[in-house]
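Here is the structure we will look at.
Chains as they are written, first to last, in the numbering used here: chain U, 115 to 724; chain L, 19 to 439.
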């Protein structure tokens, strides 16, 4: 085969390959037009059938026809997809052959050319390139610079909006002014309190009642914050005073029956559900509820069960437009509220924290950033003096925050090198100074309530920590179902004892009379010696415990998941004092006040008493 | 010949319509029993196979260097480039390539949470190391983006010097932007606008394939347009290759000034012997040199200033910034169910405040990054200008060490025989 034969062959191959490519392209094009013109999913037949189905929703034959047509449409789609894919590969193959044939054709036809003496005058070429480079460089810079004038910084405008929101908020007297009304005074005086602080608060109120001219002073003056005795006299947070599960209230009935109404003083229906437990100050009881659309705080007269006010946690800057996803057993209102008798504070699974005064006037609200929590945020609030503590351990950052109770501003913030947790903070008076104690994977740690400084930290927890710690007998007790139960000395951060025979998944331990009580999710209630860790007794009965054991009236109260209350004597030997049935599933923890017990089951609030 | 032109023209016209028909309506969503095809292309490989890819690249680079410098075989390089086309192109689907690895490397420096494997680092470094010693042999036969263009060259035309130099600024600008976008975690623009990866995968957005086809059609007449006027990795290879210890030579012995090689290079990468007139004329350009040298800081400052001013505009490519500004500018889009970006954001539970805060952080990064990128571009313009008034005396026809792709075409044109040992 000589060169001219090769050239002819290459030329013919190129022509054949070119025609092949053109034909394949044409077929693909036809396929495209066919699909555009007759889209089976958008056919009039399908549309009319769907419309007919709307009118005849029970027509099974029609449903079947639609399914058949839909199947055909999808088959058509996949067939066309196969055709496009196969066609593309054929086109590629043809194009490769075409390109190769062309290359061979041109290389065989090429002749060694007589080189030009001077291809391009170098000097002139360089001068010309300088001009073009200058023009090109200036063009690029000027064009880019000019384009910046058409650019507006909208992020700065958002800052302006934020300021406006803040201005509007500060201009609203309902938000900034805190009125200490007669109800607050009643709440304070209604509580079993020590006498030192109350007169101060009532004195302010009395002054405001007597002389209107002094109202402004009373309004602007900081209300008296409750002391430890006042807190103990109420039930202000999850698991009572300081979150330790011990209440001093007496005459709590151990005998009641939900279905028959025996010793059930009242039942109130709440507008929305939530897994938070009631908190009480004076005659006022607070709970919250939420769904995907709204979040609310409810104030209830604990004597009558009447809802005194309902307030929405809305219009909070930074609050997400759509609520984060949570699991059904957590929801958006799992954290329990905190009240100091001046205000009530609530946090929701959206990261919204809000404060109302006792009359339901919004004092402040802010969003802490949506917690990245796969079940939903559940850590409850607790406070001491002018600080509200928030344990904010999420998948995206972990921290302990102290917010100013009057303004919501962050007083301090301590970042934590731990994992996400669902436990709540507690307060412990160690050597005259209050510590905020937190339990998380992997540590139990104590923080100075005043400064937020970490005072001690002990490793030992793991996994998803739900139970909150407990403080008593000078020791901190923390547990988790797959880790251990440990007693820690908060003065030096040393582990005093450990045990892993029975461990809790959800319910928190409680300490009283030298004993620590633990309730497991598989139905075992265990009593240990608080100092030594030796097991004193156990009781394996019931479906399991999510509600935490609490101590009141020198007895141990615990609801199981089926709503059966068991009351035990605080003794080193097991002594069941009574059993009662509420007749509702219970996973929240009861609250106590003046011979009464309050417990929540979803949207129902029960008052048990005589 | 006319027939061929008609076929080419009809192919060019038909292609967009054909490609437009590829993704017609969305994938079906079944509740169960249907396995969605993997959306990551190419699918992740086992670590061992990643190292195998590095080994293959090392082998290709070694062989290409040997073929270009020692064996002096254009045929060998051609077959090796076909292997690269098949292996790194169609089999490995053009990912991860050394060109795109710049971005992985930059992001790993900018974001401590982003970690790259040793294979990515090796893919980035190996071609540069080889360029430092043997010239751009990676471009000759190791780069899937380069070889596909090389294989479609049919009738290359020579581009004028001024056009080459002016268009030659683009890769530097592209590199600066690619580094800026990668460092801010915004995007991997080299990959996003890779014109050939869609062809290798036989699946890509319409515009991406059109871009690739357009480059290939252009490449029939303008040798390797992407490599010469766009490739950001080419900038680094050029810097390395300029200092290459050994580099491909046109002649195996001594240049006899026959000029036969002058039309051999489709990339205009052969430097001719200096013209005496030009050398003489260049002396008059000393004043110009001083002016350009003085203007270097002016260009740098101007670039930095423009970079600073344009940071707002550039940062809009970032998803957070784009979304935050969209929601601020048009809050009504929150109720648009068809706006997937907005709906995804709303369903994520992320707050507007967090989004704006994150966007502000990104914009701050862009502020610094754009100043540096602008200064770099200013410096490149200034240095390119300065280079135009620097004349180097050459006596032979020789490949430009920075621009030569070591493809070996010119070697076949040289009538000088290799001296026998």
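Glycine included, C-beta positions come from ideal geometry on N, C-alpha and C.
Since we're looking at a predicted model, the values are computed, not measured.
Fully contained in the stretch 341-409 of chain L are the following alpha helix (DSSP H) runs of length 4 or more, in chain order: 358-366 and 370-406.
Taken through DSSP and simplified to helix, strand or coil, residue 370 of chain U comes out as coil. Per DSSP, residue 122 of chain L lies in no beta strand (DSSP E); the unbroken alpha helix (DSSP H) holding it starts and ends at 116-128. The DSSP-derived three-state label of residue 221 of chain U is helix. DSSP, reduced to helix, strand and coil, places residue 191 of chain U within a helical segment of the structure shown. Segment contact: the stretch 390-409 of chain U against the stretch 434-451 of chain U, three or more CB-CB distances shorter than 8 Å; contact assigned. Cβ contact annotation for residue 270 of chain L (same chain, cutoff 8 Å, sequence separation greater than five): 90, 429, 432, 434, 435, 436 and 437, in chain order. If you look at residue 327 of chain L, you'll find it in the alpha helix (DSSP H) that goes 304-327. The Cβ-Cβ distance between residue 352 of chain U and residue 703 of chain U falls below 9 Å. Listed along chain L, the residues sitting closer than 7 Å to residue 265 of chain U by beta-carbon distance are 330 and 331. When Cβ pairs closer than 8 Å are counted between the two stretches, the stretch 168-179 of chain L is seen not to touch the stretch 353-367 of chain L, the count staying below three. Burial check for residue 182 of chain U: the Cβ neighbour count within 10 Å stays below 16, so the residue is exposed.
Excluding sequence positions up to five before and after residue 422 of chain L, its CB lies within less than 6 Å of the CB of 287, all in the same chain and listed in chain order. Looking at U/201, U/682, U/496 and U/205, the one whose alpha-carbon comes closest to that of residue 367 of chain U is U/682. When CB distances to chain U are screened at a threshold of 7 Å, the residues of the stretch 336-352 of chain L falling below it are 342, 343, 346, 347 and 352, in chain order.
For residue 180 of chain L, the secondary structure class from DSSP, reduced to helix, strand or coil, is helix. With respect to residue 201 of chain U, residue 138 of chain U sits close: the two C-beta atoms are nearer than 9 Å.
Here residue 616 of chain U is buried: its Cβ has 16 or more other Cβ atoms, across all protein chains shown, within 10 Å. For residue 407 of chain L, the closest Cβ of chain U is nearer than 9 Å.
Between residue 537 of chain U and residue 553 of chain U, the CB-CB gap stays under 9 Å.
Per DSSP, residue 196 of chain L is not a residue of any beta strand (DSSP E); the alpha helix (DSSP H) it occupies stretches across 188-201. The alpha-carbon separation between residue 543 of chain U and residue 349 of chain U amounts to approximately 17 Å.
In this structure the stretch 365-384 of chain L lies against the stretch 201-217 of chain L, because at least three pairs of beta carbons, one per stretch, are closer than 8 Å. At least one C-beta of chain U is nearer than 9 Å to the C-beta of residue 173 of chain L. Three or more pairs of CB atoms, one per stretch, sit closer than 8 Å, so the stretch 403-422 of chain L contacts the stretch 243-256 of chain U. Under the 8 Å Cβ criterion, the stretch 357-377 of chain U does not count as touching the stretch 515-527 of chain U, having fewer than three qualifying pairs. Where residue 461 of chain U is concerned, the enclosing beta strand (DSSP E) starts and stops at 457-461. The straight-line gap separating the alpha-carbon atoms of residue 183 of chain L and residue 243 of chain U is approximately 7 Å. The beta strand (DSSP E) runs of length 3 or more contained entirely in the stretch 548-579 of chain U are, from start to end of the chain, 557-562 and 568-573.
Nearest to residue 535 of chain U by alpha-carbon distance, out of U/501, U/607, U/408 and U/485, is U/485. Spanning the alpha carbons of residue 397 of chain L and residue 115 of chain L requires a straight line of approximately 28 Å. The continuous alpha helix (DSSP H) containing residue 252 of chain L extends over residues 250-260. Just so you know, the alpha carbons of residue 214 of chain L and residue 166 of chain L end up roughly 8 Å apart. Identification of chain U residues near residue 169 of chain L by a Cβ-Cβ cut-off of 9 Å yields 210, 213, 214 and 217, ordered along the chain.
A check of alpha carbon separations from residue 565 of chain U across U/573, U/524, U/584 and U/558 identifies U/524 as the nearest.
In the assembly as shown, residue 370 of chain L is a buried residue. Its beta-carbon has 16 or more other beta-carbons within 10 Å.
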